[in-house]
Amino acid sequence: MFIMPGLNQPGIPPTGLEPVMAELMNRDEFRTALENAIKGKSANASPFSIAWAEGKLSREHLSRWAENHYHYVGPFADYLGYLYARTPDTYTEAKDFLLANMYEEEIGGDRHTDLLIRFAEACGTTRERVTNPDNMSPTTRALQSWCYAVAMREDPIVAVAGLVVGLESQVPSIYRKQTPTLREKYGFTDEEVEFFDLHIVSDEIHGERGYQIVLEHANTVELQQRCLKICEIGAQMRLLYTTALYTDYVQHEIKLPELGLAA
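All the letters of the sequence shown, read from the start, carry residue numbers 1 to 263 under the UniProt record's numbering.
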């Protein structure tokens with residue numbers, strides 16, 4: 001059985017994030033703590049991501065990824081919209097960032113979901129299959145629900161930590177490993193993989209701005225601890241989602257030892 005890195009298992013020591021710290025961290029200490037909350041839980045460590053980077057997935061596997069990924073990232077502007085409405089007007093830079101991020105997702109140039117569907121169609125699936133929520137796995141549905149819950153219920157700064165730092169900031173490192181393979185192994189064109197090229201650049205900018213918002217406004221011990229915990233949970237959620245893609249669609253065709261992982 002594949003044990004996902006970064007998830008506490010019997011006999012594995014705790015992460016060190018559990019105790020509430022007695023003192024407020026300065027920006028450098030807090031930045032390091034946020035990065036450590038994600039470290040070791042990257043979706044790059046999942047069997048699906050490894051198989052993708054090594055060019056072992058079929059176009060059918062990539063189609064199933066697109067059909068699931070649409071329902072995770074497709075509502076991202078919705079998540080941000082709920083968050084924008086709940087962010088205090090005094091947090092001007094944070095609200096500007098959220099609004100700009102929504103604009104890029106939905107209006108600026110090609111809509112990001114349309115770029116994803118373009119890739120999906122190049123893999124062999126259809127727009128109808130991609131947009132049909134019946135084609136997402138239970139784990140994808142859980143990730144989508146978690147994102148909505150965070151956006152609608154958490155303190156706005158904690159929500160930025162979860163959605164932008166914990167999730168969005170991971171994207172460039174993931175796609176930098178996967179995109180070259182799409183061109184070199186599978187022969188996709190630049191137009192077909194534009195979704196990935198765009199997010200390598202845009203999400204690096206978004207992730208850094210998310211960090212800066214959290215560093216600026218998480219100004220109590222409690223807020224800092226909540227931000228750290230939700231970053232950890234967000235990273236775990238994405239790792240669970242990506243690992244489930246392997247379990248649901250790939251494991252019977254590509255065994256873990258073929259990916260250098262213990263069975």
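Every residue, glycine too, gets a C-beta built ideally from N, C-alpha and C.
Close Cβ partners of residue i (< 6 Å) along its chain, the five nearest in sequence each way excluded
i, result
"Trp146", "Met237"
"Leu24", "Val221"
"Lys255", "none"
"Leu62", "Cys123"
"Ile117", "Arg127, Val130"
Residues near residue i by beta carbon distance below 8 Å, same chain, minus five either side
i, result
"Met21", "With a pLDDT of 46 at Met21, under the threshold of 50, the modelled position of this residue cannot be trusted, and the question is left open."
"Glu104", "His112, Ser202"
"Lys95", "Tyr84, Thr87, Asp89"
"Lys185", "Gly55"
"Tyr148", "Pro75, Asp78, Tyr79, Tyr82"
"Ser137", "Asn68, Ala244, Leu245, Asp248"
"Met102", "Ala77, Leu80, Gly81, Tyr84"
Opening and closing residue of the alpha helix (DSSP H) in which residue i lies
i, result
"Gly210", "194-217"
"His71", "59-73"
"Gln236", "221-249"
"Asn36", "27-38"
"Pro172", "171-184"
"Ala51", "47-53"
Heavy atom of the ligand FMN within 6 Å of residue i beta-carbon
i, result
"Glu60", "Of the ligands one can find in the structure shown there are none, so the ligand FMN has no counterpart to examine."
Beta-carbon proximity list for residue i, same chain, < 7 Å, skipping 5 on both sides
i, result
"Gln144", "His71, Tyr72, Pro75"
"Val164", "His206, Gly207, Gly210"
"Asn135", "Glu67, Arg129"
"Arg27", "Leu215"
"Glu168", "Asp203, His206, Gly207, Gly210"
"Pro257", "Ala263"
"residue 350", "This structure leaves residue 350 out entirely; the chain is present only between 1 and 263."
"Phe97", "Arg209, Ile213"
From the options, residue whose alpha carbon lies closest to that of residue i
i, options, result
"Glu232", "Thr113, Ala262, Ala161", "Ala161"
"Asn44", "Tyr249, Leu245, Cys123, Glu253", "Leu245"
"residue 306", "Gln251, Val214, Gln170, Thr247", "The chain is shown only over 1 to 263; residue 306 falls outside these bounds and no answer can be derived."
"Gly93", "Ile254, Tyr241, Gln212", "For the sequence presented, residue 93 should be read as Glu rather than Gly. Checking every option, the nearest Cα to that of Glu93 belongs to Gln212."
"Ala77", "Lys177, Ser58, Glu106", "Glu106"
"Leu99", "Leu80, Tyr91, Ile117, Asn135", "Leu80"
"Ala66", "Ala122, Ala263, Tyr82", "Ala122"
"Lys177", "Asp190, Thr139, Ala159, Ile200", "Ile200"
"Phe30", "Leu239, Phe195, His217", "His217"
"Pro133", "Ala33, Glu204, Leu240, Arg64", "Arg64"
"Arg141", "Glu191, Pro156, Arg183, His69", "His69"
"Glu35", "Ala263, Pro257, Gly234", "Gly234"
"Thr125", "Gly166, Arg183, Glu60, Thr32", "Glu60"
"Asn219", "Pro257, Glu191, Asp155", "Asp155"
"Glu191", "Ala33, Phe97, Asp110, Met102", "Asp110"
Integer Cβ distance of residue i from residue j, believed to fall under 8 Å
i, j, result
"Ala37", "Leu228", "5 Å"
"Val193", "Thr179", "6 Å"
"Val250", "Phe48", "6 Å"
"Leu115", "Leu198", "7 Å"
"Leu240", "Thr139", "6 Å"
"Ser173", "Ser42", "7 Å"
"Tyr91", "Ala151", "Incorrect: roughly 15 Å between the Cβ atoms, too far for contact."
"Ile230", "Val158", "5 Å"
"Tyr175", "Phe188", "About 13 Å; that fails the 8 Å criterion."
Within the stretch 77-164, note down every full alpha helix (DSSP H) run reaching 4 residues or more, in order along the chain. Counting whole runs of 4 or more residues, the stretch 77-164 contains the alpha helix (DSSP H) stretches 92-106, 112-123, 127-131, 138-153, 156-160.
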